[in-house]
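Contents: one structure, followed by commentary.
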Amino acid sequence: MIFPLYSHEQSPVAELRRGICLYAFCQIQWTGYTTYNILSDMDGLKI
Numbered sequence: 015m016i017f018p019l020y021s022h023e024q025s026p027v028a029e030l031r032r033g034i035c036l037y038a039f040c041q042i043q044w045t046g047y048t049t050y051n052i053l054s055d056m057d058g059l060k061i
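Numbering-wise (the working numbering), the sequence shown opens with residue 15 and increments by one.
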C-alpha cells in the first residue's frame, strides 16, 4: 500500500493518521529485524 505524501485532506487528523502509519510501519520493520537476529543467534548456538 502506498501513501501519498500530500493527500487531498490537509487536516490535523490526516497528519496524525499519516504519522501513526509511519510509526507503526517503522515499529514492525524494527521488530521483524530484531526477531530475525534473535532467531539467527539461536540457530548459531544450536549448530
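The C-beta atom is built at its ideal place from N, Cα and C for all residues, glycine as well.
| Query | Result |
| --- | --- |
| Cα-Cα separation between isoleucine 34 and tyrosine 47, rounded to whole angstroms | 20 Å |
| Cα-Cα separation, methionine 56 to leucine 30 | 39 Å |
| Helix, strand or coil at serine 54 according to DSSP, with G and I counted as helix | helix |
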